[in-house]
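In what follows, a structure is listed as structure tokens, so that the remarks can point back to it.
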């Protein structure tokens with residue numbers, strides 16, 4: 001571990017080195033260790049859009065993967081939010097496919113504004129995936145704004161067009 005409490009496995013996830021992650025896991029590296037900001041290997045892989053590494057970690061964790069994918073770091077961010085912030089549409093899709101049984105990811109208090117964030121930033125593919133997974137285009141934020149308003153205020157015309165088509 002270094003001064004940030006980052007392990008070789010965490011660093012390999014950042015770099016996206018599938019073979020190194022696989023080697024470390026097969027050598028007994030612990031997937032549950034996080035850095036001093038509580039970023040897990042899932043946070044790191046999601047933040048950097050390392051889909052092959054993320055899938056390897058999910059497969060390795062088995063039934064525990066669902067819980068690990070929905071934990072928050074010290075900033076209150078889940079791997080899903082980090083993937084959305086990075087405009088990693090396929091990573092968002094992988095994580096949403098692992099939502100806890102009987103839950104609706106759009107209702108998770110911690111991630112309910114992700115559609116607004118993606119719309120504001122113009123991340124059209126991420127917007128589409130979030131909507132396909134139950135995020136509500138009619139959900140108003142604390143300022144009573146819809147995702148459409150967020151996109152329009154940021155001049156994200158492709159997202160505005162898409163959201164208007166859904167209306």
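In the UniProt record's numbering, the protein residues as written are 1 to 167. Ideal Cβ positions, reconstructed from N, Cα and C, are used throughout, including at glycine. Treat the numbers as computed from the prediction; the structure is a model and nothing was measured.
{"Query": "Among 141, 15 and 29, nearest to residue 52 - alpha-carbon criterion", "Result": "15"}
{"Query": "Residue 42 and residue 69 closer than 8 Å at C-beta", "Result": "yes"}
{"Query": "Outcome for residue 153 when other beta-carbon atoms lying within 10 angstroms are tallied against a minimum of 16", "Result": "exposed"}
{"Query": "CB contact flag (residue 35, residue 81, <8 Å)", "Result": "no"}
{"Query": "Residue 100 in three-state terms, based on DSSP", "Result": "coil"}
{"Query": "Cβ neighbour criterion (16 or more within 10 Å) applied to residue 50", "Result": "buried"}
{"Query": "Residue 31 (DSSP reduced to helix, strand or coil)", "Result": "coil"}
{"Query": "Exposure label - residue 167; buried when at least 16 CB within 10 Å", "Result": "exposed"}
{"Query": "Which listed residue (38, 32 and 89) has its alpha carbon closest to that of residue 65", "Result": "32"}
{"Query": "Residue nearest to residue 77 in terms of C-alpha spacing, selected from 38, 163 and 100", "Result": "38"}
{"Query": "For residue 14, three-class secondary structure by DSSP", "Result": "helix"}
{"Query": "Where residue 97 falls, given that 16 or more other Cβ within 10 Å makes a residue buried", "Result": "exposed"}
{"Query": "For residue 62, the three-state DSSP class (helix, strand or coil)", "Result": "helix"}
{"Query": "Distance, residue 146 Cα to residue 140 Cα", "Result": "5 Å"}
{"Query": "Segment limits, alpha helix (DSSP H) that includes residue 47", "Result": "41-47"}
{"Query": "Anticipated Cβ contact below 8 Å, residue 9 with residue 29, distance rounded", "Result": "4 Å"}
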